[in-house]
Amino acid sequence: MRILVIEDDELTAQALTTILTAHHYAVEVAKDGKSGLALLDSFEYDLLILDVGLPDLNGIEVCRQVRSAAPTPDKPHTPQLPILLLTAYQSPHDRALGLDAGADDYVVKPFDEEELVARIRALLRRASSTGTPMLEWGDLELNPSSCEVSYGSTPLILTPKEYGLLELFLRNSRRVFSCGNILEHLWAYDAPGEEAVRTHIKGLRQKLKAVGAPADFIETVYGIGYRLKPLSNAALLTSTIPTSVEQEVRSKLGAVWTSYKERINEQIAIIERVACESDWTLQASATRQAHTLAGALGTFGFTEGSQIARNIEQILAGCPLKPRALTQLQELLATLRRVIDVPASSSAPICPEVTPAIANLATVQLPSILVISQDRDFLDALESEFLLWNYQCTIATTAKAVIKICQNDAPSLVLLDLDCFDSISTSMALLTSLQQCCSTIPTIVLTSHNELTERLEVSRHGGRLLLQKTTPIPQVLEAVSQVLQRALPTPSKILVVDDDIALLDALTVLLSPWGLKVYTLNDPHRFWETLETVSPDVLVLDLEFPDFKGIELCQVVRNDLHWHHLPVVILTAHSESETISQVFAAGADDFVSKPIVGAELVARILNRLERVRLVRQILDTDPLTGVMNRQKSTQELEAFLRSSDRSHQSVAIAVIDVDHLRSVNAQYGHAAGDAVLRQFGHLLQQSFCSEDIVARWGGEEFVIGMYGVTREDGVQRLMQVLERLNQQALTTENGEIVHVSFSAGVAQYPEDGKDLKTLYRTADLALRQAKRLREETHSQHTISSILPAESDVVLKS
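Start counting the sequence shown at 1; every next residue gets the next number (my numbering).
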C-alpha cells in the first residue's frame with residue numbers, strides 16, 4: 001500500500017520513511033502543502049500523513065482542500081482518502097480543529113512508533129472494504145496486522161516489495177496484473193522499469209518454492225501479466241459485467257448456434273462420406289471441416305465436441321486410412337452427433353475482470369441529449385430526427401429539472417433554447433449553474449438573435465457552441481454529432497479474419513458488449529482492401545486459410561510502413577511450441593488457442609487496446625506540459641477546419657507566448673522555467689473546454705483551437721485565462737513564486753485565413769504586434785497583451 005507523507009522537517013520525514021518502509025509500505029514524501037497536493041492530483045494513495053505546521057499552506061488547509069475536492073473518473077476515492085494528522089499541539093481545541101477539517105485521526109509529536117503503526121493499520125482497515133483480518137490462498141497465509149507470512153507452518157521472510165506484491169495478489173486473487181499495474185500500485189513517480197517487477201516476481205517465486213509452494217504459485221498469463229494460480233478449475237477470469245448482459249450474450253450465442261446448426265451438420269456429413277463411403281476425393285476437405293469444427297464447437301460450449309473434432313482431424317491427416325482408423329473415425333462421428341444434439345454448456349466464462357482504465361476504454365454508451373425548450377414544433381422535429389441519429393432524448397422545461405437530470409443521469413450533451421424562459425438572464429443563470437455543477441457536459445445554445453453582446457454572454461457563461469434557431473434540424477444534429485465526437489470516446493475497432501462464418505458471428509456476440517466495434521471477414525482474398533477501409537485498432541487473424549496462412553497476412557501487415565504498428569492477435573488450434581514460435585517470429589503480438597474462451601479473448605484484446613492507448617498518449621502528448629504536441633494538434637485543428645466547412649461554424653485559433661521565460665531561466669535555472677511551463681500548460685487545460693485544442697508547439701509557444709467560437713469570443717476566453725493567471729502564482733521546484741505574463745494573437749477561420757498555415761501566420765503576426773506595442777509603451781513585466789487579427793489592441797494587467 002502507498003502512503004504520502006507531507007512533512008517539511010527532513011529528520012521527521014526520514015524517520016517516518018524508515019518506519020513505514022520497514023512495515024512494507026511504499027512511501028512518498030512531499031516537503032510542503034502545494035507539492036503534496038500536486039502529488040495527490042497525479043497519483044493515487046491509500047493514506048495521507050500530514051504535518052499541521054507546514055510553510056505557506058498549513059496542514060489544516062491541505063486537509064480541507066482534499067476533502068472538498070470533487071471525485072474524478074481516474075481518482076474517484078481521493079476525497080475519502082484516510083488522513084492522519086501529525087501535530088505538536090496537544091490542546092483539545094487544536095485537535096478538534098484538525099478533525100473538523102476532515103482528518104480521520106491524529107498523532108502528537110514526538111510520536112511512538114508502535115502507536116503510529118497501529119493507528120495507520122486501523123485507518124487502512126477502515127478504509128478498505130475488501131480488507132480481511134487474514135488473507136489466505138490455499139496453504140498461504142498473510143496477516144496484514146502483523147505483516148507475517150507463512151506457507152503451511154513455515155514462515156516466509158520477504159523484502160518490503162515482495163510482501164507488497166503478495167498482498168496485492170491476495171487482495172485481488174482473481175485479477176491479472178500487468179507490470180504497469182504493479183508499478184502503479186507499489187511505486188510512485190520514481191517507479192523503475194518493468195524489468196524490476198519481473199525481478200521481484202522471480203525472487204518471490206523462489207522463496208515460495210523453497211517452503212513447498214508450487215513453482216507456478218504465481219503464474220504468468222501470457223500477454224497480460226501475473227496472477228495467483230487458481231486453486232481449482234475455475235474460470236480463467238471472473239466476469240464483471242452485469243448478469244443481465246451476460247445472460248443476453250449467452251442467449252445470442254445460443255441463437256447463433258441454432259442458425260448455424262444445419263451448416264455444422266453439413267460439415268459432419270462431408271467427413272462421414274470419407275469415413276462411411278470411402279470418398280477419398282473429399283479427404284482434404286473433410287480434414288479442413290474437422291479443423292474448423294474443433295475451433296467453433298468449443299466456442300459455443302461444446303468442449304467435448306471440440307476435442308472429438310480434433311481427434312477426427314488427426315486421424316484424417318493420415319494417408320491412406322487403415323481399416324482400424326476408419327472404424328475409429330466412424331465411432332467418433334457417431335459420438336459427435338450425439339454431443340451436438342445436447343444443449344450447449346452455459347458455464348464457459350464470457351467476460352474478464354479488467355482494470356478501471358481498460359474498463360473505461362471499453363465502455364461506450366448510447367449518447368443521451370438533454371433538450372431544454374418549450375417550442376413544441378421544434379421539439380417534434382428534433383425528436384423525429386433523433387431517431388435517425390440513434391440518440392436518446394430527454395426534454396426539460398424548467399431550470400430545476402435540468403440541474404436534477406444533469407446531476408442524476410449525466411447526459412452526453414445539453415441543447416439549450418435561449419427562448420425557453422421569460423428572460424435572457426434566466427437562461428444565462430442556467431448556463432452558469434450547468435458550468436458549476438456539470439462542467440464536463442458540453443452545452444450547445446440555440447438563439448433567435450444574432451447580436452455580438454449575446455454571443456459574448458453565452459461564451460462567458462460556459463456555452464460551447466451557438467447556433468441560430470433557424471438552423472435546419474439536420475445541421476443542428478450534425479453540430480451535435482461533431483461536439484460529441486470530441487467529447488465522447490470513439491469505440492475501438494476490431495477486424496476479425498476467419499473463414500468460419502459461425503465463429504465470426506460468435507466472436508461478434510462476445511466482443512460487442514465491451515463497446516468494441518467488430519468487423520468480420522471470411523474471405524482472406526479481400527483482406528487488404530478491408531484493412532484499409534476499416535482501419536482497425538486490433539487485427540485478429542485465424543492461423544490457417546485454404547490458400548495461405550494467417551502468419552503470411554501478419555507478415556504483410558508488418559512489412560507495410562503504415563500498418564506495421566497494428567496489434568495482431570492470432571487464433572490457432574495448435575498449441576505446440578513450434579507453431580507459437582512461428583506466430584511470434586512473424587510479428588504477431590499475441591495468440592489465442594481454439595476453442596476460444598470468451599474471457600481470454602476479451603482480456604487479451606482489451607490489453608492490446610490499452611497498450612495502444614498508452615502509446616498514442618505518449619506520441620500525442622507534449623512530455624513537459626501534458627498538453628497536445630504539435631503533430632497531434634495539427635491533425636485535430638485540420639479536422640476543426642473541415643468540420644467548419646460542413647457546418648458553417650467559425651473556428652478561433654490563438655497563438656500564446658509566455659513572456660520573459662529566458663529571464664526566469666537565467667534567474668532561477670532551466671528547471672524553474674520548465675516548472676513554469678508545466679504549470680502554465682495545466683492552467684490552460686483547466687481554462688478551456690474539453691473539446692477545445694490546447695497544444696504546445698515548441699519552447700514557450702502554445703496554440704489554442706476553439707470550435708464554434710468567433711475571434712471576439714476567443715479574446716474573451718483569453719481574458720479569463722489572464723485573470724486566473726493573475727490570481728494564481730506559479731512556483732519553481734524550490735517553492736519560489738514567479739510572476740509571468742503572456743502575449744497572444746487570435747485569428748478566425750475562414751475570415752483570417754483559408755487554411756491552418758495562414759491562420760497561424762495571422763495569429764502569430766498579431767502576437768508579435770502585441771509584443772512590439774508593449775515594448776513601445778514600456779509596459780511592465782506583469783502586463784499581458786492580447787491582439788486579435790484585424791481588431792483593436794487589448795491590454796490587460
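Cβ atoms here follow ideal geometry from the backbone N, Cα and C, with glycine treated the same way.
Item to check | Simplified DSSP state of Gln468, which is helix, strand or coil | outcome: Of the three classes helix, strand and coil, the one that applies to Gln468 here is strand, per DSSP.
Item to check | In DSSP terms, what Arg2 is bridged to | outcome: Beta-bridge analysis with DSSP links Arg2 to Ala26.
Checklist entry - Within 10 angstroms of its Cβ, does Leu186 collect 16 or more other Cβ (buried), or is it exposed? => result Leu186 comes out buried.
Checklist entry - If you compare alpha carbons, which of Ser35, Glu113, Phe217, Arg250 is closest to Ala506? => result Residue Arg250 is the option with its Cα nearest to Ala506.
Item to check | Meets three-Cβ-pair contact criterion under 8 Å: the region 441-449 and the region 463-483 | outcome: The region 441-449 makes contact with the region 463-483: 3 or more CB pairs, one atom from each, lie closer than 8 Å.
Next on the checklist: Can you tell me whether Leu165 sits near the ligand COA, meaning its C-beta is under 6 Å from at least one heavy atom of the ligand?
Outcome noted: Here there are no bound small molecules, and the ligand COA is not part of this structure.
Next on the checklist: So within the region 715-784, which uninterrupted beta strand (DSSP E) runs reach at least 3 residues, ignoring any that extend past its ends?
Outcome noted: As far as the region 715-784 is concerned, its whole beta strand (DSSP E) runs of at least 3 residues are 742-749.
Checklist entry - Cα separation between Ile358 and Arg608? => result Confidence at Ile358 is low in this model, with a pLDDT of 48, below 50, so the placement of that residue should be treated as unreliable; the coordinate-derived value is given next. Taking the straight line from one Cα to the other gives about 10 Å.
Next on the checklist: According to DSSP, is Arg227 part of a helix, a strand, or is it coil?
Outcome noted: Here Arg227 sits in strand by DSSP.
Checklist entry - How close, in whole Å, do the beta carbons of Gln267 and Gln289 come, if the pair is a contact with beta carbons under 8 Å? => result The beta-carbon separation of Gln267 and Gln289, rounded to 4 Å, stays under the 8 Å limit for a contact.
Item to check | Contact the region 416-436 vs the region 389-406: 3+ CB pairs below 8 Å | outcome: The answer is yes - the region 389-406 touches the region 416-436, with three or more Cβ pairs under 8 Å.
Item to check | Integer Cβ distance of Ala586 from Ile551, believed to fall under 8 Å | outcome: About 4 Å separates the two Cβ atoms, so the contact holds.
Checklist entry - Using the rule of at least 16 other Cβ atoms within 10 Å of the residue's Cβ for burial, across every protein chain shown, is Thr258 buried or exposed? => result Exposed: under 16 other Cβ atoms inside 10 Å.
Checklist entry - Do you know whose CA, among Pro524, Pro750, Gly708, lies nearest Pro546's CA? => result Ranking Pro524, Pro750, Gly708 by Cα distance to Pro546 puts Pro524 first.
Next on the checklist: My output table needs one value for Ala585: the three-state DSSP class, helix, strand or coil.
Outcome noted: The three-state reading of DSSP puts Ala585 in helix, counting H, G and I together.
Next on the checklist: Could you tell me which whole alpha helix (DSSP H) segments of length 4 or greater appear in the region 278-348?
Outcome noted: DSSP runs (the alpha helix (DSSP H)) wholly in the region 278-348: 283-299, 303-316, 323-340.
Checklist entry - Which residue from Leu39, Thr21, Glu7, Ala15 puts its Cα closest to that of Gly59? => result Gly59 has its Cα closest to that of Glu7, out of Leu39, Thr21, Glu7, Ala15.
Item to check | Helix, strand or coil at Val709 according to DSSP, with G and I counted as helix | outcome: Three-state result, Val709: coil.
Item to check | Cβ distance (whole Å) where Leu718 is taken to contact Ala744 below 8 Å | outcome: For Leu718 against Ala744, the beta-carbon gap comes to about 5 Å, under 8 Å, which counts as contact.
Next on the checklist: Is it buried or exposed, Ala629, if we count other Cβ atoms within 10 angstroms and call 16 or more buried?
Outcome noted: It should be noted that the sequence gives Asn, not Ala, for residue 629. Buried is the call here.
Checklist entry - What residues match up with Trp137 in a beta bridge as DSSP calls it? => result Note: Trp137 sits in a beta bridge opposite Leu140.
Checklist entry - Using the rule of at least 16 other Cβ atoms within 10 Å of the residue's Cβ for burial, across every protein chain shown, is Trp514 buried or exposed? => result By the neighbour-count definition (other C-beta atoms within 10 Å, threshold 16), Trp514 is a buried residue.
Item to check | Presumed contact (8 Å Cβ cut-off) between Leu81 and Leu39, rounded CB distance | outcome: A Cβ-Cβ distance of about 12 Å is found for the pair Leu81 and Leu39, leaving them out of contact under the 8 Å criterion.
Item to check | Residue(s) in a DSSP beta bridge with Lys207 | outcome: Answer is none; Lys207 lacks a bridge partner.
Next on the checklist: Please list the terminal residues of the continuous alpha helix (DSSP H) segment that includes Ala695.
Outcome noted: Careful: Ala695 lies outside any alpha helix (DSSP H), inside the beta strand (DSSP E) at 693-698.
Checklist entry - According to the neighbour-count rule (16 or more other Cβ atoms, all chains shown, within 10 Å of its Cβ), is Val342 buried or exposed? => result Label assigned to Val342: exposed.
Item to check | Cβ-based burial, Ser423 [other Cβ within 10 Å; buried from 16] | outcome: An exposed status is given to Ser423, since fewer than 16 other beta-carbon atoms sit within 10 Å of its beta-carbon.
Next on the checklist: Please return the same chain residues whose Cβ sits closer than 6 Å to the Cβ of Arg338, not counting the five positions on each side in sequence.
Outcome noted: Closer than 6 Å at the Cβ level, and outside the excluded window around Arg338, lies no residue.
Item to check | Reduced DSSP secondary structure (H/G/I, E/B, other) of Gln392 | outcome: Three-state result, Gln392: strand.
Next on the checklist: For the region 29-47 against the region 165-175, do three or more pairs of beta-carbon atoms, one drawn from each stretch, fall closer than 8 Å, so that the two count as touching?
Outcome noted: Too few Cβ pairs lie closer than 8 Å, so no.
Checklist entry - Would DSSP call Val509 helix, strand or coil? => result Helix.
Item to check | Secondary structure of Leu236, DSSP reduced to three states | outcome: Per-residue confidence for Leu236 stands at a pLDDT of 37, beneath the threshold of 50, marking its modelled position as unreliable; the derived number appears in the next sentence. Looking at Leu236 - three-state DSSP - the assignment turns out to be coil, as it is neither helix nor strand.
Item to check | Neighbourhood of Ala381 by C-beta distance below 6 Å, restricted to the same chain and skipping five residues each side | outcome: Counting only Cβ-Cβ distances below 6 Å, and skipping sequence neighbours, we find Ile473.
Checklist entry - Less than 7 Å separating the beta-carbons of Val676 and Val627? => result No; because the gap between Cβ atoms is not below 7 Å, this pair is not in contact.
Next on the checklist: What does the alpha-carbon distance come out to for the pair Tyr760 and Arg772?
Outcome noted: One C-alpha to the other measures close to 18 Å.
Checklist entry - Mind checking Cys420: buried by the 16 CB within 10 Å criterion, or exposed? => result Under a 10 Å Cβ-count criterion, Cys420 is classified as buried, with 16 or more other Cβ atoms of the shown protein chains found around its own Cβ.
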